[in-house]
Amino acid sequence: MNYRKLSPRSQGFLFNNIEDWVSEDNPVRLIDLLIDRLYQSAPDKFNSNKPTGNDTGGRKAYPPYLFAKLYLYGYLNRINSSRRLEAECHRNIEVMWLMNNERPDFKTISNFRKDHGETIRWCSRSFKNFLRETGYIKNEKVAYDGCKIKACAAKEGYTMDGITRRMSNLEKELEKYLSLLEKIDTEEDLAEEAVQRENTLMERISSLEE
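The sequence shown runs -13 to 196 under the working numbering.
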């Protein structure tokens, strides 16, 4: 059969311009714009005495707003592991664009969550306000029904009490997400330590057998 000819992998065609690989209407651009605006308006929210880096050899730390972008992306896409976020920095074009092609290790990503938990919460809460203020959400009344008779349509309707409960539930979901991040990171750290201990033990056994 007459198949199309594939480009060779050695040809440098992928990242001539990474900007071209993220469309203008890609939601990741909203995250980028939001965090940049938040950082410009309140840089103290992102500052910390602890550096955003794992290298003590004199290398400069990552700017903290970069990790806020990464965690907000992970929250919106249900990526709940520092190791998975690290992997996305290597293989996900959206994340590579969002992170300016920086690729921090999972420990550095995890440390930011531990040291800047309130910053992540603040950025996540600010997202809905940002959508409204920039016009992505019009915040207009679509329809109003003054009838007080309850019907099946009430399941799809909204009241002020319902909206308040929904906002409260979103706050709880955010807290659950951050708790889940901490739990998964802890479990993965313990699993990695167990593998390292096992490898060390096998090396010792092998040495003794020799």
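Every residue, glycine too, gets a C-beta built ideally from N, C-alpha and C.
Quantities reported herein were computed from a predicted structural model and do not represent experimental measurements.
ask   = Considering only residues of the same chain and omitting the five flanking positions on each side of Asn33, which have a CB-CB separation below 8 Å?
value = Pro50
query = For Leu167 versus Arg77, is the C-beta distance shorter than 7 Å?
reply = no
request  = Measure the C-alpha to C-alpha separation of Lys158 and Ser192 and round it to an integer number of angstroms.
outcome  = Here the C-alpha atom of Lys158 lies approximately 51 Å from the C-alpha atom of Ser192.
ask   = In terms of residue numbering, what span does the alpha helix (DSSP H) encompassing Lys100 cover?
value = 92 to 101
ask   = What first and last residue would you give for the alpha helix (DSSP H) that runs through Trp28?
value = Residue identity differs from the one stated: residue 28 is Ala in this sequence, not Trp. Note, Ala28: premise wrong, no alpha helix (DSSP H); not H, not E.
request  = Specify, as a first and last residue, the run of the alpha helix (DSSP H) that Val81 falls within.
outcome  = 79 to 84
inquiry  = Short of 7 Å in beta carbon distance, which residues of its chain neighbour Asn86, apart from the five on each side in sequence? Order them along the chain.
reply    = none
task = Look at the alpha carbon of Thr172 and the alpha carbon of Gly60, and state the distance between them as a whole number of angstroms.
result = 18 Å
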